[in-house]
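Asks:
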Amino acid sequence: MPYPPEPEFDIQEYVSKIVAYHRPFSRAAAIISFFICFTTLISTIGAAVSHGYSSITSNVLFFIVISAQIGCLLFLPRNANSVSDYIVEMLEGTFDQYRSTADKKIHYLWDTIMGMFHCCGLNNGHDFPEGLPDACCLRTTTGEKFDPYCNLYPGPLNSFFYTGCRKDVPKTIGDVRDQLTIAMILLLLLQLWPFLLMTFLLQSGGIATLENTHESATGVNKFVRGVKTFDPISSILSPHLPTPLPGICAG
17 MPYPPEPEFD
27 IQEYVSKIVA
37 YHRPFSRAAA
47 IISFFICFTT
57 LISTIGAAVS
67 HGYSSITSNV
77 LFFIVISAQI
87 GCLLFLPRNA
97 NSVSDYIVEM
107 LEGTFDQYRS
117 TADKKIHYLW
127 DTIMGMFHCC
137 GLNNGHDFPE
147 GLPDACCLRT
157 TTGEKFDPYC
167 NLYPGPLNSF
177 FYTGCRKDVP
187 KTIGDVRDQL
197 TIAMILLLLL
207 QLWPFLLMTF
217 LLQSGGIATL
227 ENTHESATGV
237 NKFVRGVKTF
247 DPISSILSPH
257 LPTPLPGICA
267 G
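Quick note, the working numbering runs 16 ahead of the 1-based positions in the sequence shown.
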């Protein structure tokens with residue numbers, strides 16, 4: 017029986033969208049890593065020079081980065097759910113486009129999906145009554161099928177027979193989302209340490225500067241007050257003036 021004609025659509029476009037589902041996550045991680053290094057550098061410089069301008073610049077940059085990271089954290093769940101829903105919807109829409117697996121061939125889109133997410137069929141391996149495709153079989157480290165008879169006698173020990181892509185795709189993307197979320201939270205916590213250190217150093221330097229300024233100002237004031245009350249003539253003549261006699265004082 018000849019195959020029914022397939023609807024025309026761009027396979028490469030669908031596959032490229034699926035393969036690129038992780039790109040927003042990797043880009044977000046790269047941007048976060050860059051800003052962490054940059055902010056840490058600016059914070060260290062600000063703490064070293066202890067100038068107000070550097071301190072303000074470091075604080076502003078720090079809060080900008082923190083805001084961006086929080087935005088990414090809020091964006092991740094929504095983006096992950098959108099990607100997951102898109103892939104599942106696309107799989108359900110192409111369900112009727114299976115090729116017969118009697119010749120061990122399957123639609124290229126599905127072969128890519130099952131190999132990427134390690135799942136089998138839309139619901140499970142029962143979607144392929146004529147024989148399991150190679151993409152559903154477990155592989156060795158060298159890429160060969162773990163069991164040569166996987167296609168004819170599939171099971172949980174040699175294939176992903178009971179793992180359907182409809183449920184596994186959202187689970188896999190959700191796991192990646194959770195891992196990235198935890199990593200971003202840890203990065204946020206680690207980034208607080210240079211900020212706290214910078215703040216401590218800046219405050220310590222500011223207190224020391226104020227104390228030195230206060231001591232200098234106090235010394236100058238004392239010196240100025242001493243000059244004002246100082247009488248050079250009295251200080252010179254007082255040791256040489258004769259002591260008044262009691263009689264003269266009495267008279």
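Where a beta carbon is used, it is the ideal one built from N, C-alpha and C, also for glycine.
Run through the DSSP bridge pairs and tell me what C181 is partnered with.
Replies: Answer by DSSP bridge pairing: none, since C181 is not bridged.
Asks: Based on the DSSP output, what are the partners of K161 in its beta bridges?
Replies: R155
Asks: Please go through the same chain and pick out, in chain order, the residues whose beta-carbon is closer than 8 Å to the beta-carbon of K238, but skip the five residues on each side of it.
Replies: Confidence at K238 is low in this model, with a pLDDT of 48, below 50, so the placement of that residue is unreliable and no value is reported for it.
Asks: Roughly how many angstroms separate the alpha carbons of P164 and Y178, rounded to a whole number?
Replies: 19 Å
Asks: Taking the alpha carbon of C135 as the reference point, which residue from G109, Y102, G171, E160 has its own alpha carbon closest?
Replies: G171
Asks: By Cβ distance below 6 Å, which residues in the same chain neighbour G131 in space, the five residues on each side in sequence not counted?
Replies: Take G131, set aside five residues on each side of it, and the residues of its chain with a beta-carbon closer than 6 Å to its own are A151, in chain order.
Asks: CA-CA distance, L138 and L107?
Replies: Approximately 7 Å, taken between the alpha carbons.
Asks: At the level of alpha carbons, what is the spacing between D191 and I129?
Replies: Looking at the backbone, the Cα of D191 and that of I129 are separated by about 17 Å.
Asks: If you draw a straight line from the alpha carbon of E160 to that of N174, how long is it in whole angstroms?
Replies: 12 Å
Asks: Look at the alpha carbon of D184 and the alpha carbon of I198, and state the distance between them as a whole number of angstroms.
Replies: 21 Å
Asks: Buried or exposed for I201, going by 16 or more other Cβ atoms inside 10 Å?
Replies: exposed
Asks: Might you give, ordered along the chain, the residues of its own chain that have their beta carbon closer than 6 Å to the beta carbon of D127, omitting 5 neighbours on each side?
Replies: A151
Asks: What whole-angstrom Cβ distance do L154 and F162 have, given they're in contact under 8 Å?
Replies: 4 Å
Asks: Let me check understanding here. Comparing Cα to Cα, which of S98, D194, I103 lies closest to C181?
Replies: I103
Asks: Under 6 Å Cβ to Cβ from A96, same chain only, skipping five residues before and after it: list those, please.
Replies: Closer than 6 Å at the Cβ level, and outside the excluded window around A96, lie I189, R193.
Asks: If I measure Cβ to Cβ from G141 and keep anything under 8 Å in the same chain, skipping five residues before and after, which residues do I get?
Replies: L148, C152, P170, S175, F176, F177, Y178
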